[in-house]
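Notes follow once the structure below has been shown.
Numbering (our numbering), first residue to last: 5 to 135.
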């Protein structure tokens, strides 16, 4: 999937942070539900549920629960992931636009003019969100 396609899907999805429905609101014998805006089912907006036929209890090791956790984590991380890809792509474009002559002619001047340290700091700040 291309970044633009991901951005379009994210823009169309229910906004806000997504949460798993957990006790005390999750009834015994039920799998989880995903809510947007609040983990409280009285305040959050219903997104989807993961009830499996014949589920005996709210087993957090079930595939349904783990799928719900993954969807929430991806949805909640998507804006930062997209921003990171865009920021790092921009930095890569800056570096790729340099020619060897420019860099070797006056490396110190280039470093000063290009704010090389700033570019490295930006890249590290972006990556720090995911470490």
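Using N, Cα and C, we set each Cβ at its ideal position, and we do this for glycine too.
Given the structure is predicted, the values throughout are model-derived calculations rather than measurements.
Spatial neighbours of residue i within its chain, please: CB distance less than 6 angstroms, with the 5 preceding and 5 following residues excluded, ordered by chain position.
{"i": "residue 79", "result": "22"}
{"i": "residue 20", "result": "40 and 41"}
{"i": "residue 43", "result": "23"}
Residue i and residue j: beta carbons closer than 8 angstroms?
{"i": "residue 30", "j": "residue 82", "result": "no"}
{"i": "residue 45", "j": "residue 25", "result": "yes"}
{"i": "residue 124", "j": "residue 72", "result": "no"}
Under 7 angstroms Cβ to Cβ from residue i, same chain only, skipping five residues before and after it: list those, please.
{"i": "residue 18", "result": "40, 49 and 51"}
Going along the chain, which residues of its own chain have a beta-carbon closer than 8 angstroms to the beta-carbon of residue i, five neighbours each way excluded?
{"i": "residue 86", "result": "7, 10, 11 and 14"}
{"i": "residue 47", "result": "41"}
Report the option in the options whose CA atom is closest to the CA atom of residue i.
{"i": "residue 91", "options": "132, 127 and 38", "result": "127"}
{"i": "residue 130", "options": "27, 122, 43 and 88", "result": "88"}
{"i": "residue 122", "options": "95, 132 and 101", "result": "95"}
{"i": "residue 132", "options": "76, 70 and 84", "result": "84"}
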